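As numbered in my numbering, residues 5 to 100 make up the sequence shown, in order.
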Amino acid sequence: MERVRLSVQGIVQGVGFRPFVYRTAVKHGLTGCSRNEQGGVVIEIEGDPACIQSFLHDLQTEVRTPAKISSIHMEKIPPLGEERFVIQPGSVNDFV
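In C-alpha coordinates, the structure reads:
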(Lines of atoms letter the chains of each structure in order from A and count residues from 1; the text may use other names and numbers.)
(Lines give C-alpha, C1' and ligand atoms only; values in the text may rest on other atoms or scores of the structure.)
Protein backbone atom coordinates (compact mmCIF):
# COMPACT_ATOMS: atom_id res chain seq x y z
CA MET A 1 0.00 0.00 0.00
CA GLU A 2 1.33 3.38 -1.03
CA ARG A 3 0.01 6.96 -0.99
CA VAL A 4 1.18 9.87 -3.10
CA ARG A 5 0.28 13.55 -3.26
CA LEU A 6 0.17 15.09 -6.73
CA SER A 7 0.20 18.85 -7.23
CA VAL A 8 -1.17 19.43 -10.71
CA GLN A 9 -0.79 22.78 -12.46
CA GLY A 10 -2.30 23.97 -15.71
CA ILE A 11 -5.88 24.48 -16.90
CA VAL A 12 -7.37 22.21 -14.25
CA GLN A 13 -10.01 24.28 -12.43
CA GLY A 14 -13.55 24.83 -13.65
CA VAL A 15 -13.12 22.42 -16.58
CA GLY A 16 -14.31 19.06 -15.17
CA PHE A 17 -10.82 17.91 -14.19
CA ARG A 18 -11.68 16.71 -10.67
CA PRO A 19 -14.57 14.49 -11.90
CA PHE A 20 -12.13 13.05 -14.47
CA VAL A 21 -9.66 12.36 -11.63
CA TYR A 22 -12.44 10.70 -9.61
CA ARG A 23 -13.44 8.40 -12.49
CA THR A 24 -9.82 7.51 -13.16
CA ALA A 25 -9.07 6.75 -9.50
CA VAL A 26 -12.17 4.54 -9.18
CA LYS A 27 -11.26 2.77 -12.45
CA HIS A 28 -7.90 1.80 -10.91
CA GLY A 29 -9.30 0.85 -7.49
CA LEU A 30 -7.61 3.74 -5.68
CA THR A 31 -8.77 5.73 -2.66
CA GLY A 32 -8.00 9.30 -1.64
CA CYS A 33 -9.21 12.76 -2.59
CA SER A 34 -8.84 15.73 -4.92
CA ARG A 35 -9.26 19.42 -4.17
CA ASN A 36 -8.62 22.80 -5.77
CA GLU A 37 -5.71 24.77 -4.34
CA GLN A 38 -4.38 28.14 -5.57
CA GLY A 39 -4.50 27.74 -9.32
CA GLY A 40 -4.08 23.98 -9.39
CA VAL A 41 -5.47 20.70 -8.13
CA VAL A 42 -4.04 18.53 -5.36
CA ILE A 43 -4.69 14.80 -5.67
CA GLU A 44 -3.94 12.25 -2.97
CA ILE A 45 -4.19 8.65 -4.14
CA GLU A 46 -3.65 5.46 -2.20
CA GLY A 47 -3.41 1.84 -3.28
CA ASP A 48 -1.24 -0.72 -4.98
CA PRO A 49 1.88 0.89 -6.53
CA ALA A 50 1.13 -0.66 -9.95
CA CYS A 51 -2.39 0.82 -9.86
CA ILE A 52 -0.95 4.22 -8.97
CA GLN A 53 1.38 4.02 -11.97
CA SER A 54 -1.56 3.12 -14.24
CA PHE A 55 -3.51 6.05 -12.80
CA LEU A 56 -0.60 8.42 -13.51
CA HIS A 57 -0.39 7.18 -17.10
CA ASP A 58 -4.11 7.73 -17.67
CA LEU A 59 -4.00 11.12 -15.93
CA GLN A 60 -1.45 12.33 -18.46
CA THR A 61 -2.77 10.62 -21.60
CA GLU A 62 -6.56 10.65 -21.24
CA VAL A 63 -7.24 14.19 -19.99
CA ARG A 64 -9.60 16.00 -22.38
CA THR A 65 -9.72 19.62 -23.45
CA PRO A 66 -10.30 22.22 -22.23
CA ALA A 67 -8.30 20.75 -19.32
CA LYS A 68 -4.55 20.83 -19.86
CA ILE A 69 -1.82 19.71 -17.47
CA SER A 70 1.36 21.79 -17.55
CA SER A 71 3.16 20.12 -14.62
CA ILE A 72 2.77 17.44 -11.96
CA HIS A 73 4.81 17.34 -8.75
CA MET A 74 4.63 14.02 -6.88
CA GLU A 75 5.63 13.15 -3.33
CA LYS A 76 5.12 10.00 -1.27
CA ILE A 77 3.15 10.47 1.94
CA PRO A 78 2.03 8.05 4.66
CA PRO A 79 -1.03 5.88 3.80
CA LEU A 80 -4.27 6.74 5.62
CA GLY A 81 -6.27 3.58 4.91
CA GLU A 82 -9.23 5.42 3.38
CA GLU A 83 -12.06 3.37 1.91
CA ARG A 84 -13.06 5.53 -1.07
CA PHE A 85 -12.07 8.40 -3.32
CA VAL A 86 -13.80 11.76 -2.78
CA ILE A 87 -13.85 15.14 -4.48
CA GLN A 88 -13.44 17.70 -1.74
CA PRO A 89 -15.37 20.94 -2.17
CA GLY A 90 -13.49 23.98 -3.42
CA SER A 91 -14.08 27.57 -2.43
CA VAL A 92 -14.57 30.74 -4.44
CA ASN A 93 -11.00 31.73 -3.52
CA ASP A 94 -9.61 28.59 -5.18
CA PHE A 95 -10.18 29.96 -8.68
CA VAL A 96 -7.15 32.23 -8.96
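Using N, Cα and C, we set each Cβ at its ideal position, and we do this for glycine too. All figures in this text were calculated on a predicted structure; none of them were measured in a lab.
Check this for me: beta carbons of residue i and residue j, under 8 Å apart or not?
i	j	result
residue 67	residue 44	no
residue 49	residue 29	yes
residue 81	residue 8	yes
residue 5	residue 51	yes
residue 26	residue 73	no
residue 33	residue 55	yes
Can you name the residues that DSSP bridges to residue i?
i	result
residue 4	Not covered by the structure: residue 4. The range shown for the chain is 5 to 100.
residue 49	8, 36
residue 89	36
residue 81	7
Closest by CA to residue i, which one among the options?
i	options	result
residue 62	24, 16, 8	24
residue 75	5, 15, 87	15
residue 57	19, 46, 31	31
residue 79	73, 46, 85	46
residue 10	27, 59, 54, 33	59
residue 77	64, 89, 26	64
residue 22	38, 54, 84	38
Following the continuous alpha helix (DSSP H) through residue i, name the residue where it begins and the one where it ends.
i	result
residue 67	Unbroken run through residue 67: none, as it is neither H nor E.
residue 25	21-31
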